[in-house]
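The block underneath contains the structure these notes are about, expressed in structure tokens.
Residue numbers (this note's numbering): 630 to 1011.
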């Protein structure tokens, strides 16, 4: 299929989906001319009419449209491309760095429970007494048993100033709070000192990441430090823009930070935006098998420019770029649009980022990767 044919097919599919809505409004029939003019989409029309006329229960048009959208993207076989429902898309905070909700970060236990992993300082959740380890039980009268974190994200967040009633399991008992939602920054950067070595952990890349990283660097008083450990272990990535902003803290203005390859094989270069942090100490960058996407972009750029020594395990190997496109129903499509390469042209998707010093995590209580980074930086003192 040529690019023009693909474009026409995409437009036809949008027309078919629109015809679904028009057909229902007109009494449940679809205009036959659309399917006749676009034979590849005739099965969609036939399936729609069969469901409308013969399925045992009435089905909302929105449900069928969302099913068609989900099925189309799933057929790509790309785990990083997917349909985002209107409920989830409306509350998507991941790239803004801000969130409107109660102020907790969660994870899922082996038993399938969704529990509080972090209570954001100064958040509404902290104010009412929510604790780390509390397990979500009921939200506004609705049991959360069997829900995923994504499902929960459609229940707990909401407009600023509104109230949500949440019951948690705490130990053997239950506790209930009426929590007024508010806007807060998502905590993303932690920092500390190991002797005179600065240590920074960044959990993801979003619109506020560079600002938060600059605060950490200033607080650590970098001019008097002997080295910097930048920990991206477990960091799943985020936006390319954020990764470029952060790479620009360490790489001179005008230098290439990444290459992007589109569907036609055309290559575009992204360069450092300058305004570096003027960090003149050796840098050890920690990565592991869960460091992905923007984490790999940054690690690859610092490695190619010999700006940091990479320590840990080979990274995840997600060398693709996703773009998000809003849809008329309030949802969105997240689609893989480009592949990216390191400044020297290394394909991250095929090879991941291989550390300069390979240290495997053996699940012991000792953090051998962090210890290796400290030992490496101390060895450079001479």
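Every residue gets a Cβ at the ideal spot worked out from N, C-alpha and C, and that includes glycine.
Looking at 887, 990 and 923, the one whose alpha-carbon comes closest to that of residue 836 is 923. For residue 781, the secondary structure class from DSSP, reduced to helix, strand or coil, is helix. Here residue 952 is exposed, its C-beta having fewer than 16 other C-beta atoms within 10 Å. By the Cβ-count criterion, residue 989 is exposed, with fewer than 16 other Cβ atoms from all chains shown falling within 10 Å of its own Cβ.
Taken in chain order, the complete alpha helix (DSSP H) segments of 4 or more residues contained in the segment 977-1011 are 977-980 and 997-1008. Residue 858 and residue 790 have their C-alpha atoms spaced approximately 40 Å apart.
Shortest Cα-Cα distance from residue 879 to any of 867, 889 and 851 involves 851. Taken atom to atom, the span from the alpha-carbon of residue 930 to that of residue 712 is near 31 Å. Annotated as proximal: residue 914 and residue 937, with beta-carbon spacing under 7 Å. DSSP places residue 718 in the uninterrupted alpha helix (DSSP H) bounded by 715-719. In this chain, the beta strand (DSSP E) harbouring residue 941 covers 938-941. Judged by their CB atoms, residue 921 and residue 866 are nearer to each other than the 7 Å cut-off.
Three or more Cβ pairs closer than 8 Å define a contact, and the segment 752-766 falls short of that threshold against the segment 686-701. Here residue 916 is bridged, per DSSP, to 941. Fully contained in the segment 886-914 is no alpha helix (DSSP H) run of length 4 or more.
Annotation for residue 714: 695 and 960 place their beta carbon closer than 7 Å to its own, counting only its chain and skipping 5 residues before and after. Using a 10 angstroms sphere on the CB of residue 833, the tally of other CB atoms reaches 16 or more, which defines it as buried. Per DSSP, reduced to three states, the secondary structure at residue 691 is helical.
For residue 978, the CB contacts under 8 Å within the same chain, skipping 5 residues up- and downstream, are 946, 947, 948, 949 and 968 in chain order. Residue 682 sits away from residue 963, with the two beta carbons spaced by 7 Å or more. Around the CB of residue 675, fewer than 16 other CB atoms lie within 10 Å, so the residue is classed as exposed. The secondary-structure analysis by DSSP pairs residue 806 across a beta bridge with 795. Annotation for residue 882: no beta strand (DSSP E) segment contains it, and DSSP assigns it neither H nor E. Minimum Cα-Cα distance from residue 957 among the listed residues 976, 798, 718 and 918 corresponds to 718.
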